[in-house]
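Engineer: Pasting a structure here, questions to come.
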Amino acid sequence: MAAATVYPCRGATITVGTDALAGIVDATITLTHEPIESTEISDTGRQYATGIVSSTVSGTIYYNQGNAAIAAMETKCANGSSTGLTIVLHTGAQYAWTTSFLTSFAPGLAVNDVVRASFSFQCVGAPTIT
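In this text, residue positions in the sequence shown follow my numbering: the first is 1, and each later residue adds one.
Structure follows, in structure tokens:
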């Protein structure tokens, strides 16, 4: 059995609107497709049609309110405004959404440790993947 290749995430970027986030700890992109059942009474097997496509992005960053990009994220979450979102993976693959909503932004409390903030985006539709 061949050993699995491990890819470090150095060089990955997340851009919210025009602001590149600093201090990325981790991130997850979830693409979901919910097919619509179209089975008729005379069908012998279930039938499906293309349905709803959605995407979410969540992750963790090192929190620094003095960073303009992080302060802008907090504002977007507080006022509910939409924003563009682009993630470039360590491999160079790019996921881009023209519209997304920051649905949660949660700075933590850390005693004698680095403060982190978790975040979640609900994206409109499927991303453009290049």
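All C-beta atoms, glycine included, are put in the ideal place defined by N, C-alpha and C. None of the values given here were measured: they were computed from a predicted structure.
Verify whether the separation of the beta carbon atoms of residue 96 and residue 127 is less than 8 Å.
Structural biologist: For residue 96 and residue 127, yes; Cβs fall inside 8 Å.
Engineer: Roughly how many angstroms lie between the CA atoms of residue 10 and residue 90, to the nearest whole one?
Structural biologist: One C-alpha to the other measures close to 6 Å.
Engineer: Determine contact between the region 39-50 and the region 68-80, defined as no fewer than three beta-carbon pairs at a distance below 8 Å.
Structural biologist: The answer is no - the region 68-80 does not touch the region 39-50, with fewer than three Cβ pairs under 8 Å.
Engineer: Would residue 124 and residue 83 qualify as a contact pair, given that the criterion is a beta-carbon distance under 8 Å?
Structural biologist: Contact flag unset, no.
Engineer: Spatial neighbours of residue 107 within its chain, please: CB distance less than 7 Å, with the 5 preceding and 5 following residues excluded, ordered by chain position.
Structural biologist: Contacts found: 63, 115 and 117.
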